[in-house]
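Q:
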Amino acid sequence: MKTETDVLVIGGGAIGVCSAYYLSKQGRAVAIVEKGDIGSGSSYGNAGLIVPSHSTPLAEPGMISKGIKWMFNPESPFYIKPRFSCELISWLWKFWRACSKRQMNRSIPVIRDLKIKLPIQPAKGYSVTFKRPPGCSRIPFVLAEAKVALTPLGDALRFAGTLELAGLDLSINMRRVQAILKAVPGYLPDIHPENLERIEIWRGLRPCTPDGLPFLGRPMAYDNLILAAGHAMIGISLSPITGKLVSQLAANERPLIDLAALNVERFDRAHTGGGPWET
Ligand SMILES: Cc1cc2nc3c(=O)[nH]c(=O)nc-3n(C[C@H](O)[C@H](O)[C@H](O)COP(=O)(O)OP(=O)(O)OC[C@H]3O[C@@H](n4cnc5c(N)ncnc54)[C@H](O)[C@@H]3O)c2cc1C
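Residue numbers (the working numbering): -17 to 261.
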């Protein structure tokens, strides 16, 4: 049987799946190209909070000095693995500029083959899922200072946190996992993670841009390519609107919101503007 496909979506995470959903609602034949299982990347074990308003970008005033201090603390919520990497140095430079501008507002090989360079650093985070203890709140919590989220998910209770700039290293650092769990009783004295029945320890890579804003739009060099990546800490929250916007760009419709700030070439030195709806 011959299968016709109008649109290829590369990556079957929350962003790719939502894009495929809205594209197929337009009547397009969509295929998702996924190197692993659908939803097996960062979209798998995250904190599951749909709260765009509660997330501030990583690039905030004072973050550089905090980051340097935290580099020497193996239990800190934010860590940069010291290493020589041109991509990391370039990303940190852009990050520093985004911090100082007071902007509060995964590496995909296919994109590299197209000679498109997106400054995205993978920022590792962990989650530990337990059986939900009886009497536990049904409301999620964000322990803001410790940067830990507690999310009740059906019969499970998930603790998530930490942010490590350590490249594509997917190893699990148990010291950091323990630091997440240790923070909990200080806020919620009735919850002692060491007494709970553990289901899973997970790590995932958040795709982080230097200024904390995702990339969404068409690169100037290609008229048949739309990029939607770099949703960092809030990709689950932003996946439905991202999928909708991708479908609008694909149909050459005016997007629901102005996409100028998300221009995919905004970090290019020679950047002079975007596509028809992105200036
Ligand atoms: C600890 C933690 C907690 C989080 N908590 C929240 C939260 O509470 N709320 C929230 O909104 N967000 C949260 N996030 C962020 C959220 O998980 C991510 O922003 C989101 O999952 C990114 O989705 P994505 O589709 O871009 O990436 P992914 O889910 O990683 O999907 C990308 C997919 O592309 C595939 N892929 C990669 N390269 C190729 C290739 N060459 N060919 C084919 N396929 C390829 C991968 O296998 C993967 O499945 C959290 C993240 C972490 C790590």
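Yeah, the Cβ is synthetic: ideal placement off N, Cα and C, and Gly gets one too.
Determine the closest residue to Leu163 out of Glu176, Pro171, Ser153, Lys17, with distance taken between C-alpha atoms.
A: Glu176
Q: Which of helix, strand or coil does DSSP assign to Pro171?
A: coil
Q: Do you know offhand how far Lys63's Cα is from Thr133's?
A: 28 Å
Q: By DSSP, does Cys118 sit in helix, in strand, or in coil?
A: Coil at Cys118, not helix or strand.
Q: Looking at Phe60: is its Cβ nearer than 9 Å to the Cβ of Glu146?
A: yes
Q: In the DSSP assignment, find the beta strand (DSSP E) that holds Tyr108 and state where it starts and stops.
A: 103 to 113
Q: Could you check whether the segment 192 to 203 touches the segment 70 to 79, counting it as contact only if at least three pairs of C-beta atoms, one from each stretch, sit closer than 8 Å?
A: yes
Q: Would you give the residue range spanned by the alpha helix (DSSP H) that Leu227 belongs to?
A: 217 to 232
Q: Name the residue from Phe66, Ser89, Arg114, Ala161 whose alpha carbon lies nearest to the alpha carbon of Pro56.
A: Ala161
Q: Does DSSP classify Ile181 as helix, strand or coil?
A: Residue state, collapsed to three classes: strand.
Q: Following the continuous beta strand (DSSP E) through Val(-11), name the residue where it begins and the one where it ends.
A: -11 to -8
Q: Tell me whether Met45 counts as near ligand 1, meaning its Cβ is closer than 8 Å to at least one heavy atom of that ligand.
A: For ligand 1, not one heavy atom lies less than 8 Å from the Cβ of Met45.
Q: Any idea what DSSP makes of Asn245, helix, strand or coil?
A: coil
Q: Going by the CB atoms, is the gap between Leu139 and Phe197 shorter than 9 Å?
A: Judged by their CB atoms, Phe197 and Leu139 are not nearer to each other than the 9 Å cut-off.
Q: Helix, strand or coil: which one does DSSP assign to Arg65?
A: coil
Q: Just to check, is the beta-carbon of Ser221 closer than 8 Å to a non-hydrogen atom of ligand 1?
A: Ser221 Cβ: within cutoff of ligand 1.
Q: By how many angstroms is the C-alpha of Leu(-10) removed from the C-alpha of Ile239?
A: 24 Å
Q: Do you know offhand how far Gly117's Cα is from Asp137's?
A: 12 Å
Q: Hey, is the segment 215 to 225 in contact with the segment 14 to 33, meaning 3+ C-beta pairs nearer than 8 Å?
A: yes
Q: On the three-pair Cβ rule with 8 Å, is the segment 199 to 206 touching the segment 176 to 188?
A: Contact between the segment 199 to 206 and the segment 176 to 188 is absent, because fewer than three Cβ pairs lie under 8 Å.
Q: So, with DSSP's three-state summary, where would you put Gly49?
A: helix
Q: Around the C-beta of Ala(-4), are 16 or more other C-beta atoms found within 10 angstroms, so that it is buried, or is it exposed?
A: buried
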